[in-house]
Each structure stands twice: as structure tokens, then as C-alpha cells.
Amino acid sequence: MFCLGSDEEGCPCVKLQEVDFIPALYRIIDEILVNAVDNHHRKGTHTNELRVTVDENSNWIEVYNNGKSIPITIHPTEKIYVPELVFGYLLTGSNFDDNEVKFTGGRNGYGAKLANIFSTDFIVEIRDAKGSIYKQHWSKNMSTCSTPEITKGQAGSKTEPYIKVRFHPDFSKFSSQGFKYESGFIDLIKRRIFDLSACNPKLQVYLNDSKIEVGSFKEYVKLFYSANKTVEHPEKLFVHKHIADGWEIAVGAAMGDEFSQFSFVNSISTTQGGSHVNYVLFQLSSKISEYISKTYSDLQLTIPPAMVKNHLTLFVNCLIENPTFDSQTKETLTTKSVSFSQKINISNDFIAQIASHTPIIENIISFAQYKQSARAKKPRKRESKLAIPKLDDANLAGTDRSLECVLILTEGDSAKALAISGLSVVERDRYGVFPLRGKVLNVREASMDQIKENQEVQHLKKILGLDDVLKTDSFEDVKKKLRYGKIMLMCDQDHDGSHIKGLLINMIHYFYPQLLKNNFIDQFITPIVKVSKGAETKSFFSLPEFENWKNSLSENEREKWNQKYYKGLGTNTSKEAKEYFSNLKKHIIEMKYDEKTEENIEKAFSKELTNVRKLWLAHFKEGTYLDTSKGTVTLSDFIDKELILFSNQNNIRSIPSLVDGLKPSQRKILFCCLKRDLKNEIKVAQLAGYVSEHSAYHHGEQALYNTITGMAQDFVGSNNIPLLYPSGQFGTRLQGGDDAASARYIFTRLNKLTRMIFMKEDDPILDYNEEDNMIIEPKFYVPIIPMLLVNGAEGMGTGWSTSIPTFNPLDLIDALNILLDSPNVENAKIPSLKMWARGFKGVIEQNGNDKFTVKGIYSVKQKGDVIEMDISELPIGEWTEHFKTHLLTLASKDVVKPKFSERNTESTVGFTLTINSSEITPSLLKKLKLEKSFAMTNMTVFSANQEIVQYSNVEEIIKQFYKVRVEYYEKRKVHQITHLEKQCRILTNKVKFLDYITSGDSNMKQFMKTKREDIPSFLKTVVGIDINQGESISYLTDMSLLSLTTENKEKLVKQLEIVKSDLNSIKADTAKQMWKRDLKKLKEELISLKQQWVV
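Next up, the structure:
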């Protein structure tokens, strides 16, 4: 360990030496030191002196600091002196308020109490500003406490206050006999005291009455390099800089073969680093890597950030507001970097300083050149045969004719079968086939470990012969190692197939850009739709192309064509496969590199370019498709005209509608349930089949099973109002719904509330989609309350994501009524709505305008030096089994005791656990996951105009929903009036007709003698019925003889009166009145059900 020592001239330095390290002993000493330094950071304490005395012969340690002291007064509630409370009682102190910004390391006395417990003697001496002196002595591990000795100061006297703690560690507790028996331990403590001096330049620090002459962090860093006397100027081995308020760093050459760090948070030595070190290191290593790539581009070196890291020693000294650590030992900072009050930026000038003042850059380049040289010298032979599962290798792959070979990468096993069928008509020796298991890893955003552990990526590298090729290798060198001269992508022609192609292009570009620049990738295209009319057939290779053709036809012409949608490559027959491979030129599309390829690939797949991606998608135009008719496309066109279709569709699938709160798959399911008037239970698997058949659903059945199941779930934290009824095991809060039974064994139907929200009266006014020659679900439904806020939403699209909390439908109804009663909706004030989940018993607090904090229910009891906690509720979305797993993880870290009891059911929570007293900190609830935050900063939806919109508060969503819904009530009113007026005309005409027929036999005979073509004229002139030109009169002419009676006429008269009454009522109603009436009925029903809103 790095300890304080002396160089050859007797000057202090820090050097590596063997230490008999006792962590617990070190920690209790450090707690007393940090408590003293904390006083220096607190405002108004005037602490500027710290004196530490270490007597390794007597084993006593004394720590003194001047400045504002602990009050020498009786505590108002505990009725004992405050110093005794602070130093002698657990779970007391004044530093627990996290609403107060503090740059301190301890929790004011907590560490001191630990030192007291682990000492044979512990003596506190305090002097206050009035001159009063307080002395108290604990002994036998804090079990014995003397009565405090108090000497009152003289009235009016002014003396300097101080706190002095003197203690004798109980070495028996640490299996030790004393300091002098532990080699190097005192030197380690001395280095720690030097740490404190370096981190606090305005604090005068004394060790054994000698002032420490380390006046800055820079001077401290110099001590690490001073031991090496072969270096004339040790300060030239590192550079130092204040990078922000409260942040200073130093960067030096590595002190060995790997990265090392020395970091401090509020004077605490974070020996394992943490978020502050990672925060600096990420920028530092990335910018050094970038600097080398640009400055030494002629060397064509690949310098990953991990390589940079191993050549660095990093020193960090920072102040963090209210820091949190992984444990009481405080070795690792866990405060998230987003919470840091200061944002740092490593400047290019600082990187230039590193390059000019240290050997770091030179060392990195030398190492990279050595690695490259060693790799180049390593003999490598192409492998002719590979033992990779499911690979059908080309016979010539791995031979001298490798570059003639083509590797067909297929989307799954069924596509591989299609390729094998097709290859029977071509020369098989030059073609290999390998099926992909799904979507390839986005290697651009993956860690090195993820890439190494990803079997598919490693298999592809090996199959292609690229497992030891670097992006800096020349294309000519790479060709010598290739087992295949080209890749041919054979994916489904749907949006997901385009994404798989894009991910493969991204992988090749990221690892081997030289291959992509030499047009290494082709794609094999098959029709996604075929249409036929008699012997004539047409094939379409993209849906927009098909839609454009279809829209160019008249309705009558369109009906003459039969169409077949190819859901995937597996839809094609072996015969069709052979047809495709017999005409390869028509189906193979060469993908060419162009000047904007690199920019466009990064735009589509780089995590850092999210905003660029949003802009890209904002310019998307309906009808866009990639024209492959010429046999070649640029990679930029593929991204902008084909991959963009997936990205846009991914958002449509993942982001809900503002109006109905549904995503397309949910809307299709609701459409089919409403169409079928699903009042009787049906198996989920059967419903999925019905949805596939009647709503043009073209994706996997399992996804449909999951969506149906999700729409019926009713446990705490799922749906506030499920649209479907769960009959069977649809999942519980034990596993968040993952414990649902198979779709073959569970049944569902419409929840009876669903038709009160998605009203039948609105069905005729919706804008329905059309696909596969049938009318399917509407673009959106118009529920009478914003279901988006009732059941919430989560989704991850491309460039966009969404997270919307859930709210109480009764609160939403009240909010809508306020808007309905307001003369000016824009200026109407809606009371703040609180997040809500049906059945949740915990606490929900609103923090500001954009955040909710959700807490579970717990109670605590102190039992000796441990705490017993009883948990009866978990935060929304924290599932019971997951929580149990988390407790087991905490138990392995000694946060909680390994044995805990549980009494959970499928709907209730019950845990009893024991927690170490040292873990009782304000961050405990978050550590236990008993506290959770829900933000309202990412409420992204599709508007009624099908545009992506992001809202920042619930009121905006409610008002926008209101505007759409009130418009549709107007449409409903117009439609109902039109419908009733038509009914009135029909009934009036029927009454007139029957009146004429029943007036005498001659009338009947006269009508029967009238020619069919003359009937309209007869009815108009003789009977007096008003008939519009072209209007059908079948409702009159098709009446049966039995209905031509006076009795039936009287029935029709009564029906007419009812319809006229309904018509007059609707005409008298306003749209707002209609809506209020519907809301009233729904509210009454909800209240009557007492929140059991699944019926």
C-alpha cells in the first residue's frame, strides 16, 4: 500500500510498501479524523487547525480541532448532555438532513461512536466559546460512561472553542497487540493525515506537533513521484488542474502495469474510486484516445479508451453535496454523476498539457505499436472447416478461393431453409449459410465485455475470418485472411428485417470499415406482397411501394386483384426459393459505400446522436421507400429510405396515442373485442388468432399473447382500469405479471367498464385503417376519459422513449368537468393531480412540478445494535420476488442479515428483516428499494395528427385530450342527428305507404299493377312520398304482405314519435352536456364498484 515514507535525503514522500493492514482499525481512526475535518467545511465554524498525535508506544491517538464546538447543554427531549448523546448513543447526530447542502464526509458523531465502541478508553474534551470545558470518559467498549466533568467559563470571557478526542483502540478486537506490532500501519495513518492536509489547503495540519508542509493538492501528488530519484523533476511526470469549483485533478503516468487512482470526496479517501473517478476517467480516456487518433493518424493505431486507462494514474480531489457511499467504510462513491452540482469538462488544452509534459501519450503509442507488431508477426492460417452450430459452410471457404465465396446471413432457421432450397439450383461450393438468432448486438454502444460474451458476434467474426483483424489494417491485408469475399443479407422484407440489416451494416462498419468501403455487403430481396389478376402477377419489395401502387388504382380496379402478404421469408415455398435463385440478378442488390455513409450509420446507431435521430425522424415522409429496381443502392439511401421505416414504425409501436392511450397492437386487440362484442369468455390463445385474422396483425403470436395478458392484468402497479377481464392466472405483483399462465389456459372477455369508456356511439365517427383488403382498427379511439393517464405507459422507440405515470380516473373525471364548466379552457386551472395506483397502500409525494416519490410502508424497532424492519408495502413497480432477490444481494454485502422472514401473498407484501445499525442512513430507503422516483419529464405521445409530442405536465395532456374529445362529441352529435333524420324519413314514408295501402283494396290493386320502373314516380305522385333521385326504396318495396296492416302502421307511428323525441333531445343537447352526462354515469359506476374496477 502507498504509505508515508522518506526519500534518500530524508524528505517526505509516498511510496509503496508492505503493510499489516487492519481495515476496521483504520476506519475508526479515519472516522475521528474526518469528523474533525468536517468542522472545517461547515459554514461559520472558523475551524482552521487540526492536530493529530499518534503514540505508537502507548497506543493512544489524540485528534484536536479548533472552531465551533458541540453545545455544552442538556438536550431538551433526551435530558442528557448533548456531547454525551453525540459520542455515546447510536443513531444520534445533527448531520442527517439531506435537504441541507453539506460538503462533509461523516454524519457528525456516528463514526466517533464506532471508535468509542471499539476502544478500551475514549475521552472527549470540549471547550465552548464561553470558556466552559466539558470532559467525559468512556471505557470498556462504551459500556461504562463517567459523569461529565464541567468547568464553567467566566462570564464575559472569550476563548477559542475546540474539540479534542483521545482514545485507545481495543486491539484485542482486531486480533492485534498494538501499533508497533503491525508493520507499516502507522505509516499508512500518517499518509492519511497528509491526505487531509492536501485536500484542505486552508487547514493547518499538525502531526505529533510538527506542521505538515504540504500546502496544496499538487504538492501532495508530487510526493508520489519524489521517491524515484532517477527523475530530476518529478513534477514533469504529471499535470494538475482545477477543472471546476470544488474539483481538482492530477494525471500522471502509470505507476505500474495498470491503472491506479487516489481520490477524495470531502476529504474521505475513496480507495475503490466510484462515480467521481469514473466521471473524470470517461472524459479523460476518450479525449486522449481521440487526441492520438487525430494527431498521429498516419500511424493508423487503434487506441480504445481501456488501453488509455491502463497507462494512467489519476488523482481526484472534489467536494460533493450530500455524498452517498456503498457502505459505512466509504470506499466507493455511489452518488450518480447527474447529481453533481458541478459539471466538469476536460479541455483540449489539458490534453495537450498531458501530451507535452508527461510521457503518457508516448507510452500509449509505444504499447499500441508493440501490440500491433506482435499481432502482425503472429502466423495465421485460414481455417477451412469450422465447428460452429447451424453453419453450412461453403466448400471453398478457407481455401485459396475464399474470396469467391458468399456468406448468406438469414433471419432465423426458416429463412435458412429457404436459402438451402434455393441454392440447389446454383453452384453450392461458393455459398455458405448461417442463420441469425434475431437482432444482432449494436456493437457501437456495447462494452468490450458485452462484445466478447456475445456468441453471435464472435461466431460471425470467426466465420468471416476476421477474429484478429483491426479497423486499421489495410484492405489488402484483410483480404488475405477473409474466408468469404462477400456477405449477402437475407432478411424478411418487413421493418424488423430492415433493422437486422442495419445492425449488421453497423457491425461491419464499426469493426471493419475497410470492408464496407469496398462494398462487402449485398442484400437478397424477396417480395413482401404479391398480387395477381388471372395469369398476371406483380411483386412488391416494400409496403410503401405496394401502397403507392394500390392508391393509384380505382376502387373497382383494386377489387380485381388478389393479394398475398408474405409475413416472413418462411411464407415462401421451396418452389419460389428456386425461382428466386434461378434469377439472382433480379434479387441481389449491391450496397455501395458513399461519402455520407459513416455519418449516416452513426446517426442511426450512435447513442450520442439521439437528438440528430429525432430530427431525422421528424423529416420522415409517408410513402418513402427504397427503390431497388436498378440493382444497386447506396448505404446512405438504405438508411434514409429503408431503415428509417423501421425507426418510424418502432416509434409507432412503442409510443402511445394521446387520445386513447393505446399502442397499435393494443388497439387491434380492442378493435377485435369490440367488433366481436366479446361478452363471453374466450381463451387468450383463441383471441390472438382472431386478432391476427381480423386486424391484419403481421407479427409473432407470442407478442400478441403478452399484450392481451397485459391488457387484463389487475394487480397493484398494473392497470388501474383493465380493458379486458382476467379469468385465470394473468400474473401477480409477485413477479410483475411474469408469472402469468400460458395463453392456452387463461380466458378473457371485455371488462364491463370498457364500453362505458370506449362508447359504441363513437364507433361510426372513427377514422378506420384499411389493410389486406379489409377495414381494421381506427387510427385512434376516443374514450371519454384520458386512458393514457389512467393506465400510464412505458415505451422505448428510436430517438424517443416515453414514461407516463398512472392517475386516479375519478380525479381525471373531476378535472374534465372543470374544463367543461370553464368558458376559457386555456386559462382554466386544474388542481394538481397526484400519481395513483389502485390498491397501493404506500405514500406518494409530489416533488416540484415534474416528479413523484413513491414509498413503501415499513416500521422499525431497535434491538440492541441492530434494527428490525417490518415491510408491508413496496413502491409501485417494485415486484415482491425481485425485492426478495435484492435483499439476498444486500445480505451478501452485509447490509441486511442473511435470515429474513416473509409472509407474502399474491396480492400483499410482508417482510421482516434485520439491518446492521451502521447502515441506518438517509439513503437506506433507496438502497433497500423502498423509495422510488417517477418523473414527468418524458411524457411522449403521438398526437391526434400522428405527430410525436412531448409534454412536461399532466394538465397539458388533459387539455389537449379535452380539445380532441369535445370535437368528437360534436361529430357524434352531427352523426346521430343525420342518422335519426334518416330514420324519421324512412318511418314517415313507411307510415304514408301503409296509410295508402290500407285505405282500400283498390289502392293495393293499383300499386300491384304498377311496373317496377314506374314505382318511384307512383309513390311520389300518388302516395305523396318524397323520394330523392337515386335513393333506394327497397325499405318500401321489400315489405312483406303480412306487414301491410293498419296494426303495423300504428306501431310505426309510435316508433316515429320515439325517434322524433330522440332527435329533438339530441338537437337540444350541446356536445359538452352529452359528455358530462357520460362522465356522470361512469363516475357513479366507478364509485359503486369501490375501486374493484374489473367486472
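Just so you know, we're using my numbering here: the sequence shown kicks off at 4 and counts up by one. C-beta: ideal position from N, C-alpha, C; glycine also. Note that the coordinates shown come from a computational prediction; the quantities given were computed from them, not determined experimentally.
Closer than 7 Å to a non-hydrogen atom of the ligand GDP - does that hold for the CB of residue 326? Judged by which ligands are present, the structure shown has none, so any question about the ligand GDP falls away.
Going straight from the alpha carbon of residue 516 to that of residue 601, what length do you get? Each residue's Cα considered, the two are about 9 Å apart.
Around the C-beta of residue 290, are 16 or more other C-beta atoms found within 10 angstroms, so that it is buried, or is it exposed? Within a 10 Å sphere around the beta-carbon of residue 290 sit 16 or more other beta-carbons, which makes this residue buried.
Taking all protein chains shown into account, decide if residue 635 is buried (16 or more other Cβ within 10 angstroms of its Cβ) or exposed. Exposed.
C-alpha gap between residue 1101 and residue 488, whole angstroms: The structure shown does not extend to residue 1101, since the chain is modelled only from 4 through 1098, so no value can be given for it.
Is the CB-CB distance between residue 51 and residue 225 below 8 Å? No, they are not a contact pair.
Nearest candidate by alpha-carbon position, reference residue 952, set 1067, 898, 654, 742: When C-alpha distances from residue 952 are compared across 1067, 898, 654, 742, the shortest belongs to 654.
Which residue or residues does DSSP assign as beta-bridge partners of residue 166? Under the DSSP definition of a beta bridge, residue 166 partners with 68, 129.
Boundaries (first-last residue) of the beta strand (DSSP E) holding residue 713: No beta strand (DSSP E) holds residue 713; the alpha helix (DSSP H) holding it covers 704-715.
Complete runs of the alpha helix (DSSP H) confined to the region 559-621 [at least 4 residues]: Segments of the alpha helix (DSSP H) lying fully in the region 559-621: 577-585, 587-590, 600-608, 613-621.
For residue 74, which of helix, strand or coil comes out of DSSP? In the displayed model, residue 74 falls within coil according to three-state DSSP, outside both helix and strand.
DSSP-derived helix/strand/coil call for residue 171: In the three-state DSSP reduction, residue 171 falls in the strand class (E or B).
Does residue 111 come out as helix, strand or coil in the three-state DSSP assignment? Any reading at residue 111 needs caution, since the residue's pLDDT is 40, under 50, leaving its predicted position unreliable; the model's value is listed next. In this structure, residue 111 counts as coil in the three-state DSSP scheme.
Count Cβ pairs between the region 393-413 and the region 474-491 that sit closer than 8 Å; are there 3 or more? In this structure the region 393-413 lies against the region 474-491, because at least three pairs of beta carbons, one per stretch, are closer than 8 Å.
Which stretch, first to last residue, makes up the alpha helix (DSSP H) that contains residue 1074? In the DSSP assignment, residue 1074 falls within the alpha helix (DSSP H) that extends over 1074-1092.
Residue 176 versus residue 27 - alpha carbon distance: Each residue's alpha carbon lies about 9 Å from the other.
Which same chain residues, not among the five before or five after residue 169, have their C-beta less than 6 Å away from its C-beta? Counting only Cβ-Cβ distances below 6 Å, and skipping sequence neighbours, we find 65, 126.
Using 8 Å as the Cβ pair cut-off and three pairs as the minimum, do the region 634-649 and the region 755-773 touch? Contact between the region 634-649 and the region 755-773 is absent: fewer than 3 CB-CB pairs across the two stretches fall below 8 Å.
Alpha-carbon spacing of residue 95 relative to residue 321, whole angstroms: Because the pLDDT at residue 95 is just 49, under 50, the model does not fix this residue reliably, and the point stays unresolved.
Only counting runs of 4 or more residues, tell me where the alpha helix (DSSP H) segments fall wholly within the region 804-835, in order along the chain. Counting only runs of 4 or more, we get 812-824.
Reference residue 156; option with closest CA among 146, 130, 150, 1076: Nearest in C-alpha terms to residue 156, of all of 146, 130, 150, 1076, is 130.
Nearest-angstrom Cα distance between residue 80 and residue 73? Answer to the nearest angstrom: the Cα atoms are 17 Å apart.
Any idea which residues DSSP pairs residue 938 with across the strands? Residue 938 is bridged to 854.
How would you call residue 594, buried or exposed, if buried means at least 16 neighbouring beta carbons within 10 angstroms? So residue 594 ends up on the buried side.
Does the Cβ of residue 75 have 16 or more other Cβ atoms within 10 Å, making it buried, or fewer, making it exposed? By the neighbour-count criterion, in which 16 or more other beta carbons inside 10 Å mark a residue as buried, residue 75 falls on the buried side.
Is it buried or exposed, residue 1077, if we count other Cβ atoms within 10 angstroms and call 16 or more buried? The residue in question, residue 1077, is buried, as its Cβ has 16 or more Cβ neighbours within 10 Å.
Please report how far the alpha carbon of residue 729 lies from the alpha carbon of residue 663, in whole angstroms. In a straight line, the C-alpha of residue 729 is about 21 Å away from that of residue 663.
Determine, using beta carbons only, whether residue 44 and residue 70 come nearer to each other than 8 Å. The Cβ atoms of residue 44 and residue 70 do not sit closer than 8 Å to each other.
At what residue ranges does the region 408-470 contain a whole run of the alpha helix (DSSP H), taking only runs of 4 or more? For the alpha helix (DSSP H) assignment, the uninterrupted runs of no fewer than 4 residues enclosed by the region 408-470 are, from N- to C-terminal side, 416-426, 451-456, 458-467.
Take the Cβ of residue 196 as the centre, count every other Cβ of all protein chains shown within 10 Å, and call the residue buried at 16 or more, exposed below. Per the 10 Å Cβ criterion, buried.
Sequence-distant residues of the same chain with beta carbon closer than 7 Å to residue 548, five excluded per side: Only 628 meet the Cβ criterion.
What is the residue span of the beta strand (DSSP E) that residue 249 lies within? From DSSP, residue 249 is part of no beta strand (DSSP E); its letter is neither H nor E.
Decide if the region 305-325 is in contact with the region 272-286; the criterion is three or more beta carbon pairs, one per stretch, under 8 Å apart. Contact between the region 305-325 and the region 272-286 is present, because at least three Cβ pairs lie under 8 Å.
Cβ shell of residue 992 (< 7 Å), same chain only, five flanking positions each side left out: Within its own chain, the residues whose Cβ lies closer than 7 Å to the Cβ of residue 992, once the five positions on either side in sequence are excluded, are 1028, 1039, listed in chain order.
Should residue 34 be labelled buried (16 or more other beta-carbon atoms within 10 Å of its own) or exposed? By the neighbour-count rule (16 or more Cβ atoms within 10 Å), residue 34 is buried.
If distances are taken between C-alpha atoms only, which option among 270, 91, 560, 994 comes closest to residue 41? Distance check between residue 41 and each of 270, 91, 560, 994 places 270 closest, using alpha-carbon atoms only.
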